[in-house]
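Beneath this line is the structure, given in C-alpha cells, with notes to follow.
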Amino acid sequence: VNRLAPFLDARWIGTPETLALYSKLREADDRSVPDVWKEACDARGFEVAVLDFYEMPSLLRLLWVEPDWAPVFVDAGAIVFVKRRGPNAALARTLERALRAEIVTAPTGIEDRLGNAVLRFLDSPQPPIWRRLRFPYDAFYRANFALQVRERAGARKAYLDLFETEEGSLWASTHRLDIFGNLVWCLPPEESAAGRALCEALDDESWVPPAQRLNLLFRDVNARITADSSDPQIETIARRITKHPEATPEQKQWAWAQVAQAKERAADWDGVVEALRNANAAVATTPEMWRSLGLVLDLRLGRSGEAIAAYRKFQELGGVDSLVTGRLTELAP
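Its first residue numbered 1, the sequence shown is counted upward by one per residue in UniProt numbering.
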C-alpha cells in the first residue's frame, strides 16, 4: 500500500470534480462526513477505499463502523476497506475478523500493565547521548491507528509493546509529548496513578501548548478530587487555573470554588470569603456563589453588613432559599 501513496495525493487524481470531492472528504468532520461520503459513493460507485488515515481521520472512523464496509488491510499509514457485498466480499469474509481482533482486543489487565510500564519509564534515567537507540515505530503506528478509530484497548496494547521495546529511545523521540498526551486518554487520570503522573510530566514540559496545558490541569485536578478530595494539591492546581491566560471566566469561577472548598476543609473562613469573592468577580451571575458567600460572612464570621449585601445579590439573581430569607429577616428587618 505504501507504493500507492502517490495516488492518495489530490494532485494525482485528475478532474476538477474529483479534486473537489477529495478536498471535501479531507475537510469533513465526524458530523459532516456521512453526507460527503454518500455523495462520493453516489458519484463514483466505490467498491474499494484506500485511505491515508492521517489525511482523512473522519472518513476512517465512519468506515470503521459502517456496516457495508469491511477493513481488510492496514499498515503504518494506510488502510484498505472493501464493500461487504461487492466483488471483494471474499476478502471481507477472510481478513476482517483477524484485523479487527488485533485492534479492538487486549489481554486482561492491560491497563495496569501499561500503567506500570509508564511509571517505570517516567522514573528511568535518560540514556547517554552516545548510545545507539532504535525507536519501535511499528508499535507507534499501531497505537496511532487505534487512537484514530477510538479503540482504547488496541491503543493500550500497542503502547505497552512500545514501552517494552523502546529501551530509552522514547526520551529522544520527537513523538514523546504526543505519546504522553495520547496516553492520558488511554490511562484516564481519574482512574490511574500513571495518568496523573503523565499530567505532571507534561506540565513540566515548557513547550506544551497553553491550551493543552490548561486541559491537563483540569484532568489532573478532577482526578485528584475523585481520588481524595482532601489532597492539598487540589488548591495549588486550582489556583494555577485561575491564573491561566486561556481559562474562560467560567473555568476560573469553577477553580475558585475548588479553592473555597479547600479553605473550608481547613476552617480558614477568611480564605473561603476571598475565594468566593474571586469566583464572583470571574462570573457575577451565579446565585449559589452569592448564597455561599453570604452564609460564610453571616454564620462563620459575623460580618452582617457584608452578608446582607451578598444575600440581596443572591435574591436579585433569582435565587430562592428559606434560610437566606430567614437570615435577612433577622439581620435587616
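Glycine included, C-beta positions come from ideal geometry on N, C-alpha and C.
- With contact defined as three or more Cβ pairs closer than 8 angstroms, the stretch 248-263 and the stretch 272-289 are in contact.
- The alpha-carbon of residue 320 is positioned some 8 angstroms away from that of residue 314.
- Cβ neighbours of residue 225 within its own chain (closer than 7 angstroms, five residues either side excluded): 234.
- Residue 296 and residue 220 have their C-alpha atoms some 28 angstroms from each other.
- By the Cβ criterion, the stretch 159-172 is in contact with the stretch 121-131, since at least three pairs of Cβ atoms, one from each stretch, lie closer than 8 angstroms.
- Cβ neighbours of residue 69 within its own chain (closer than 8 angstroms, five residues either side excluded): 49, 63, 81, 82, 83, 84.
- 277 is the residue among 27, 277, 245, 210 whose C-alpha sits nearest the C-alpha of residue 260.
- Secondary structure note for residue 79: its beta strand (DSSP E) is the uninterrupted segment 78-83.
- According to the DSSP assignment, residue 138 belongs to the alpha helix (DSSP H) that extends over 137-148.
- Straight-line spacing of the CA atoms in residue 116 and residue 198 works out to 12 angstroms.
- Secondary structure remark: continuous alpha helix (DSSP H) runs of at least 4 residues inside the stretch 222-253, in chain order: 233-243.
- Here residue 186 is near residue 152, since their CB atoms are less than 8 angstroms apart.
- Excluding residues up to 5 positions away in sequence, 70, 72, 82, 84 lie with their Cβ nearer than 7 angstroms to the Cβ of residue 92 in the same chain.
- Per DSSP, residue 42 is one residue of the alpha helix (DSSP H) stretching across 33-44.
- Shown here, residue 70 sits in a strand according to DSSP, grouped into three states.
- Secondary structure at residue 49: strand, using DSSP grouped into helix, strand and coil.
- Contact check for residue 155 against residue 146 passes: the beta carbons are separated by less than 8 angstroms.
- Shortest Cα-Cα distance from residue 144 to any of 161, 130, 213 involves 161.
- In the three-state scheme derived from DSSP, where H, G and I count as helix and E and B as strand, residue 209 is classed as coil.
- The beta carbon of residue 290 lies closer than 8 angstroms to those of 280, 310, 311, 313, 314, 317, 319 in the same chain, with the five residues before and after it left out.
- Excluding the 5 residues flanking it on each side, residue 208 has same chain C-beta neighbours closer than 7 angstroms at 177, 202, in chain order.
- Around the beta-carbon of residue 194, 16 or more other beta-carbon atoms lie within 10 Å, marking it buried.
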